[in-house]
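Participant:
Numbering (the UniProt record's numbering), first residue to last: 1 to 745.
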């Protein structure tokens, strides 16, 4: 792993932190993929040269067994954690509306598991009315007491979650997808981010945050705690220090498992890992296989736990019987337009508020969560679609109201609407859906990024579901009449549109939604919705999902092809990017000088090796890790070390073996470019080869060095010069808003 702040000094580091586009670069350690590959090749070569066939085959079999065992353990633990969190979340949410008569600690699913109408079981999670009538589940009867308990429990759950994140494990807050994506792309974050403490606190704080009623979801945090499980398990089972590239495969596969258990969509989870988490460098068939295995085993474990006691993995899993009509395509386009507009504006508004939070509310995180909970609880309690847990609400909105044209199989009043329904009743439900759409969108802007574990996938789906169901009511009332369309599919497609809009994913969203419903006949409507959403996003200039936007906003390093026109960079060359103030080392260096060099520059990952003389003739590049080995090996051999000894001066077998060690220390054929190399070509060198360092030389003379971070800093700063700050907000308006907030609170 490489850390190369070669430009040096503290002033550069401090000034970099003040520039938004690169402020967090120093928090990440760059991985040299070329060196990772060389280490793996050296390890394989050692096995071939110095071990018998029997030992090699035995170790190969053991390696496969260990791989399967690691994958299985990650998947099983993930499935158990996901199931436990789901049961715990539903229990806490249900306490806000009632309790189980025979056992307070049972949630409504477990309490009412024995009460099921077999004729409706495929559509109804449980017959709640019958469960209440029989006294099995006791709902709070006193209106004032019920409201007071709802508010109190919301506050308690939310504050506990915020306190755990704020004071015990700050890295457990938020979603975590952006940091994980940067990590697996080759920029290692702090180990604490994926550590055991973060895993435990995130697993406790996540159900509390969701139960508080905040407009946050579990899907993003599911990816985080799944990756934590992968990190902890691989470190636990690894008999040696696992290579970064090897561990990265397990982390990406674990992220696939996280999405799989969150949505009950194993194939969708695998596609998410490949479409969202993998960079060009990281993708390979081994990752696909590991992702497939973990997704399969994790979902199977979750299915075995049966957290809802109805055989379903997620609460809003549904099945559709009716077919869609070609005359509905304009409505599908409308839903796609809404998804694109939602994704563009909500992500930008949320980033604006995150900037506002960072500037004005950084010292009031607990108070902010308290105010958010009060606001959310007050507006949600009086709207039936906001009061319900988001997954339960989507369970209502997604379902068909009747089976094959028969009687209503769903007790909610939204299924009691027909042509004879009084206009006042229709308007009440229609306006409730519209209000839920607007209010939840606003709450998402303020809630995502608060000091609690928070995802944005399910809240976005809930917004699309209420909008889609409102559209279906309008279409059924004023255009088609009853029993022509399937209203639940509009909610389902609306949820797909907003999910695609906020993530800027297409294939993954289509597959997840198909797996949720089993409605293969709705693949074409789903593809239409996702395609229109993507077109709208592109036309508005949004070519990245919220995770990628947060990477740029937070100043995280990520080497990806620019999502916009960068032709103006063609005029720049390697000479414009390179660092000339580089610490080099001579090819002949004393042991004490080598030791002093490594101690003086503890954060430097390596040094260019040059020959003595006025012109610095480039001889190679020595990584810090290999220099440390050389230092330990030769500390007692003499006062100096010639790391590029000429073979003609060697006479003994011992000298020859030491030459081999020295030549391993220095890469005599490092990646080099000429000063006139165009920036576009330089970018491709870093992107395709994965090297952290490229040396600049001319006719054998060393001129400078370019690291991955140097390249990205140059690109982002030049883009800032040309187009202005990437996220530029009206500071005067923010100041007025802050004054207004202080006046009220």
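Beta carbons: idealized from backbone N, C-alpha and C, even for Gly.
List the residues that DSSP assigns as beta-bridge partners of residue 695.
Facilitator: Partner(s): 672, 705.
Participant: With which residues is residue 623 paired in a DSSP beta bridge?
Facilitator: According to DSSP, residue 623 bridges with 606.
Participant: So, are the CB atoms of residue 346 and residue 553 less than 8 Å apart?
Facilitator: No.
Participant: Using the three-state DSSP reduction, which class does residue 579 fall into: helix, strand or coil?
Facilitator: Strand, per DSSP.
Participant: Using a Cβ-Cβ cut-off of 8 Å (strictly less than) and excluding sequence neighbours within five positions of residue 165, which residues of its own chain qualify?
Facilitator: Excluding residues within five positions, the ones whose Cβ falls inside 8 Å are 172, 173, 201, 205, 451, 452, 453.
Participant: Report the option in 399, 735, 30 whose CA atom is closest to the CA atom of residue 322.
Facilitator: Of 399, 735, 30, the residue nearest in Cα terms is 399.
Participant: Who are the near neighbours of residue 727 in its chain, counting only those whose CB is closer than 8 Å to its CB and skipping five residues on each side?
Facilitator: Contacts found: 20, 351, 352, 355, 552, 553.
Participant: To which residues of the same chain is residue 184 closer than 7 Å at the C-beta, ignoring the five residues directly before and after it?
Facilitator: Around residue 184: 248, 251, 252, 277, 282.
Participant: In whole angstroms, give me the CA-to-CA distance for residue 488 and residue 535.
Facilitator: Each residue's Cα considered, the two are about 25 Å apart.
Participant: Quick one: what does DSSP say residue 492 is sitting in, helix, strand or coil?
Facilitator: Here residue 492 sits in helix by DSSP.
Participant: Taking the beta strand (DSSP E) that residue 590 falls in, what are its first and last residues?
Facilitator: First-last of the beta strand (DSSP E) with residue 590: 588-590.
Participant: On the premise that residue 577 lies in contact with residue 682, defined as a C-beta separation below 8 Å, what is that separation, rounded to the nearest angstrom?
Facilitator: That belief holds up - the Cβ atoms of residue 682 and residue 577 are roughly 7 Å apart, short of 8 Å.
Participant: Can you pull the DSSP bridge partners for residue 100?
Facilitator: Answer is 137, bridged to residue 100.
Participant: With residue 304 as the anchor, note down where its alpha helix (DSSP H) starts and where it stops.
Facilitator: Taken as a continuous stretch (DSSP letters only), the alpha helix (DSSP H) holding residue 304 covers 285-305.
Participant: Can you give me the C-alpha to C-alpha distance between residue 416 and residue 288, rounded to a whole angstrom?
Facilitator: So the alpha carbons of these two residues sit roughly 46 Å apart.
Participant: Let me confirm a value: residue 692 is counted as buried when at least 16 other C-beta atoms fall within 10 Å, else exposed. Which label applies?
Facilitator: So residue 692 ends up on the buried side.
Participant: Grab the span of the alpha helix (DSSP H) containing residue 521 for me, first residue to last.
Facilitator: Premise fails: residue 521 is in no alpha helix (DSSP H) and is neither H nor E.
Participant: Looking at the unbroken alpha helix (DSSP H) that takes in residue 734, where does it start and where does it end?
Facilitator: Residues 731-744.
Participant: Is residue 385 helix, strand or coil by DSSP?
Facilitator: Residue 385: helix per DSSP, three-state reduction.
Participant: Would you kindly work out how many angstroms separate the C-alpha atoms of residue 507 and residue 271, rounded to a whole number?
Facilitator: Going from the Cα of residue 507 to the Cα of residue 271 covers about 8 Å.
Participant: Give the C-beta separation of residue 301 and residue 76 to the nearest angstrom, bearing in mind that I take them to be a contact with Cβ-Cβ under 8 Å.
Facilitator: Between residue 76 and residue 301 the Cβ distance is about 5 Å, and since that is below 8 Å, they are a contact.
Participant: Which residue's Cα is closest to the Cα of residue 72: 199, 530, 295?
Facilitator: The candidate whose alpha carbon is nearest that of residue 72 is 295.
Participant: Going by the beta-carbon positions, is the gap between residue 502 and residue 258 smaller than 8 Å?
Facilitator: It is not a contact, given that the beta carbons lie outside the stated cut-off.
Participant: Kindly indicate which three-state DSSP category residue 646 falls into: helix, strand or coil?
Facilitator: Below a pLDDT of 50, predicted positions are generally treated as unreliable, and residue 646, at 41, falls in that range; the measurement from the model is reported next regardless. Three-state DSSP puts residue 646 in coil, outside helix and strand.
Participant: Assuming residue 442 and residue 456 make a contact with CB atoms under 8 Å, what is their CB distance in whole Å?
Facilitator: With 8 Å as the limit, residue 442 and residue 456 do not qualify as a contact, their Cβ atoms being about 14 Å apart.
Participant: Exposed or buried, which one is residue 700 when buried takes at least 16 other CB atoms within 10 Å?
Facilitator: Per the 10 Å Cβ criterion, exposed.
Participant: Are the segment 583-591 and the segment 602-617 in contact at 8 Å, needing three or more beta carbon pairs?
Facilitator: In short, these stretches touch, since the Cβ pair count reaches three.
Participant: Going straight from the alpha carbon of residue 193 to that of residue 87, what length do you get?
Facilitator: Each residue's alpha carbon lies about 25 Å from the other.
Participant: For residue 330 versus residue 390, is the C-beta distance shorter than 8 Å?
Facilitator: Not in contact: residue 330 and residue 390 (Cβ atoms no closer than 8 Å).
Participant: Would you give the residue range spanned by the alpha helix (DSSP H) that residue 269 belongs to?
Facilitator: Here the alpha helix (DSSP H) through residue 269 covers 266-272.
Participant: For the 8 Å Cβ check, are there 3 or more pairs between the segment 369-388 and the segment 211-222?
Facilitator: Yes, they touch.
Participant: Please look up how many angstroms separate the CB atoms of residue 31 and residue 188, rounded, as I've assumed it's under 8 Å.
Facilitator: Indeed they touch by this definition, with Cβ atoms about 6 Å apart.
Participant: Is it a yes or a no for the segment 535-544 touching the segment 512-526, going by three-plus beta-carbon pairs under 8 Å?
Facilitator: Flag = no, the segment 535-544 and the segment 512-526 do not touch.
Participant: Can you tell which of 521, 299, 326, 325 has the C-alpha that lies nearest to the C-alpha of residue 313?
Facilitator: The shortest C-alpha separation from residue 313 is found at 299.
Participant: Determine which residues share a DSSP beta bridge with residue 585 and list them.
Facilitator: According to DSSP, residue 585 bridges with 609.
Participant: For my contact list, residue 627 and residue 665 are in at a C-beta cut-off of 8 Å; report their separation, rounded to the angstrom.
Facilitator: That pair is a contact at about 6 Å.
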